[in-house]
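Below: one structure, written as structure tokens.
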Amino acid sequence: MCIEFSGIILKGLQDRFKYCRIGAFALVFLICLDVATVNHHNTALAEENSVLVKGEGFIITSEHVRQVKNLLPPGVEITQEELLRLTLEQRLFGMEAVRLGLDRDEQTAARLQIAHDKILAEAFWRHHVVPETDISDDVLLSYYEANQDKFTVPAQVHLLWVASSDLQTLEAINKGLKAGVEFNKLVRDAPVHKIPLVKGPPYNTGWKRLDKMPKQLREAVSAVRKGSATGPVSFGGLYYLFYVADRKDEEVLRFPDVKKRIKEYMVGQKRREIRENILKELKLRYQVADKLSNAETTK
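Converting from the sequence shown to the numbering used here requires adding 21 to each position, the first position being numbered 1.
Given below as structure tokens:
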């Protein structure tokens with residue numbers, strides 16, 4: 022029963038971590054193996070965390086159990102007793118695998134190394150990169166003020182339109198609009214151009230930015246109020262009438278509304294710069310020579 026339960030949990034862990042090609046067993050085993058092989062370095066840690074299990078050459082603390090719990094797939098709920106049993110099982114299985122020399126298998130050794138590096142790299146990132154990317158509100162505000170164009174929403178209009186080869190038809194529709202008649206009713210009763218298999222007329226363009234419109238259309242609709250229409254505009258042998266169903270004037274987004282977005286951008290940019298600088302330094306320190314490094318230097 023115990024082994025079957027741990028197998029179910031491991032299956033869920035493998036599904037969760039398969040994207041990085043590190044099996045759940047390797048991750049849990051790594052946590053177990055580190056303490057089993059360097060137990061004398063963890064005396065202080067054991068004093069701070071309650072020791073839940075003691076064995077020959079190893080211990081399991083509440084912190085180990087907590088870390089195993091963090092590896093469970095979302096939605097998996099198990100009791101503390103079951104969690105401790107799972108942690109102990111994996112520790113024992115891992116130690117036995119080492120005794121049998123399975124950790125020296127090339128594939129297993131590579132997966133363990135990758136998992137080991139990933140965990141330590143995340144710790145390095147938390148301790149040496151994240152603290153250096155804290156950005157104050159003053160810096161965020163300065164960026165906002167210097168880049169107002171990035172936080173300006175251009176003017177937009179929501180257009181309905183009809184077309185006809187008869188100029189007088191569109192002029193009559195426009196006259197009816199000015200008299201207060203509903204645009205849809207005017208169009209429905211008029212001999213306007215119909216597009217096969219397309220709902221309408223009138224036809225709906227949705228919201229369009231003024232600065233993205235063709236010049237002739239932009240000039241025609243830019244000064245038209247909501248609920249009014251342009252005069253007939255000639256395009257490609259037909260006359261068009263554009264009705265402004267709604268419009269939004271140009272708006273500058275407020276700093277509080279974009280502060281989070283600015284911070285995410287600036288933090289991401291700063292972290293990329295720090296990461297690149299650290300990698301350059303570490304490649305020199307550890308005398309890295311690989312195909313990737315050679316490709317970068319020959320660009």
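Beta carbons: idealized from backbone N, C-alpha and C, even for Gly.
**Report entry** Presumed contact (8 Å Cβ cut-off) between Lys215 and Pro222, rounded CB distance
**Finding:** 6 Å
Report task. Just mark Tyr307 as buried or exposed, buried being the case when its beta carbon has 16 or more other beta carbons within 10 Å. Result -> exposed
Query - heavy atom of the ligand SAM below 8 Å from Lys229 C-beta - result: The ligand SAM is not part of the structure shown, which contains no ligands of any sort.
Report task. Assign Pro253 to one of two classes, buried (16 or more other C-beta atoms within 10 Å of its C-beta) or exposed (fewer than that). Result -> buried
Query raised in the report: For the putative contact between Phe263 and Ala250, defined by C-beta atoms under 8 Å, what is the C-beta separation to the nearest angstrom?
Result: The beta-carbon separation of Phe263 and Ala250, rounded to 6 Å, stays under the 8 Å limit for a contact.
Query raised in the report: Quick one, which of Gly248, Arg112 and Leu105 has its alpha-carbon nearest Gly78's?
Result: Arg112
Requested in this report: Assign Glu110 to one of two classes, buried (16 or more other C-beta atoms within 10 Å of its C-beta) or exposed (fewer than that).
Outcome: buried
Query raised in the report: When the distance is taken between beta carbons, is Leu188 closer than 9 Å to Tyr286?
Result: Going by C-beta atoms, Tyr286 is not nearer than 9 Å to Leu188.
Requested in this report: Can you have a look at Ile283 and say buried or exposed, based on whether 16 or more other CB atoms are within 10 angstroms of its CB?
Outcome: buried
Query raised in the report: Terminal residues of the continuous beta strand (DSSP E) containing Val74?
Result: Val72 to Gly76
Requested in this report: Round the Cβ separation of Leu274 and Val174 to the nearest angstrom and send it over; I've been treating them as touching at under 8 Å.
Outcome: Cβ atoms of Leu274 and Val174 come within 8 Å of each other, at about 7 Å.
Query raised in the report: What number of angstroms, rounded off, separates the C-alpha of Val72 from the C-alpha of Thr82?
Result: 4 Å
Query - Own chain partners of Asn225 with C-beta closer than 6 Å, once the 5 adjacent residues on each side are dropped - result: Within its own chain, the residues whose Cβ lies closer than 6 Å to the Cβ of Asn225, once the five positions on either side in sequence are excluded, are Leu181, listed in chain order.
Query raised in the report: Which of helix, strand or coil does DSSP assign to Ala241?
Result: helix
Requested in this report: Enumerate in chain order the residues of its own chain whose CB-to-CB distance from Asp270 is below 6 Å, with the five nearest sequence positions on each side excluded.
Outcome: Ala176
**Report entry** 4-residue-minimum alpha helix (DSSP H) runs that sit fully inside the region 93 to 128, ordered along the chain
**Finding:** 101 to 120
Query raised in the report: Are Leu194 and Val178 touching if we call contact CB-CB under 9 Å?
Result: The displayed chain sequence assigns Ile, not Leu, to residue 194. Against a cut-off of 9 Å, the Cβ pair of Val178 and Ile194 comes out as no contact.
Query raised in the report: Taking only runs of the beta strand (DSSP E) that begin and end inside the region 121 to 170, which ones reach a length of at least 3 residues, in chain order?
Result: none
Query - Span separating the alpha-carbon of Val279 from that of Val265 - result: Rounded to the nearest angstrom, the gap between the Cα atoms of Val279 and Val265 is 29 Å.
Report task. Just the C-alpha distance for Lys139 and Thr129, rounded to the nearest angstrom, thanks. Result -> 15 Å
Report task. Under 6 Å Cβ to Cβ from Val16, same chain only, skipping five residues before and after it: list those, please. Result -> Outside the shown range of the chain, which is 22 to 320, sits residue 16, and nothing can be said about it.
Requested in this report: Taking only the alpha-carbon atoms, compute the straight-line gap between His61 and Glu117 and give it to the nearest angstrom.
Outcome: Caution applies to His61, whose pLDDT of 41 falls short of 50 and renders its modelled position unreliable; the value that the coordinates give is listed next. For His61 and Glu117, the distance between alpha carbons rounds to 20 Å.
Query raised in the report: Along the chain, where does the alpha helix (DSSP H) that runs through Asp278 open and close?
Result: For Asp278, the enclosing alpha helix (DSSP H) covers residues Phe276 to Arg306.
Query raised in the report: Applying the criterion that 16 or more other CB atoms from any shown protein chain within 10 Å of the CB defines a buried residue, is Ile156 buried or exposed?
Result: exposed
Query - Of the residues Asn298, Leu93, Leu162 and Asn205, the one placed nearest Arg220, counting alpha carbons only - result: Correcting the residue identity first, residue 220 is Lys in this sequence and not Arg. Among Asn298, Leu93, Leu162 and Asn205, the Cα nearest to that of Lys220 is on Asn205.
Report task. Use the C-beta contact count for Glu100: other C-beta atoms within 10 angstroms, 16 or more gives buried, fewer gives exposed. Result -> The sequence as given places Thr at residue 100; Glu does not occur at that position. Around the beta carbon of Thr100, a 10 Å sphere encloses fewer than 16 other beta carbons of the protein chains shown; the residue is thus reported as exposed.
Report task. Would you identify the three-state DSSP class for Thr190, choosing helix, strand or coil? Result -> Shown here, Thr190 sits in a helix according to DSSP, grouped into three states.
Query - Beta-carbon proximity of Arg239 to Thr154, cut-off 9 Å - result: no
Query raised in the report: Based on the DSSP secondary-structure assignment, which residues constitute the bridge partners of Ser185?
Result: Tyr260
Query - Endpoints, beta strand (DSSP E) assigned at Lys335 - result: Summary: the structure shown does not reach residue 335, with the chain confined to residues 22 through 320, and so no result is reported for it.
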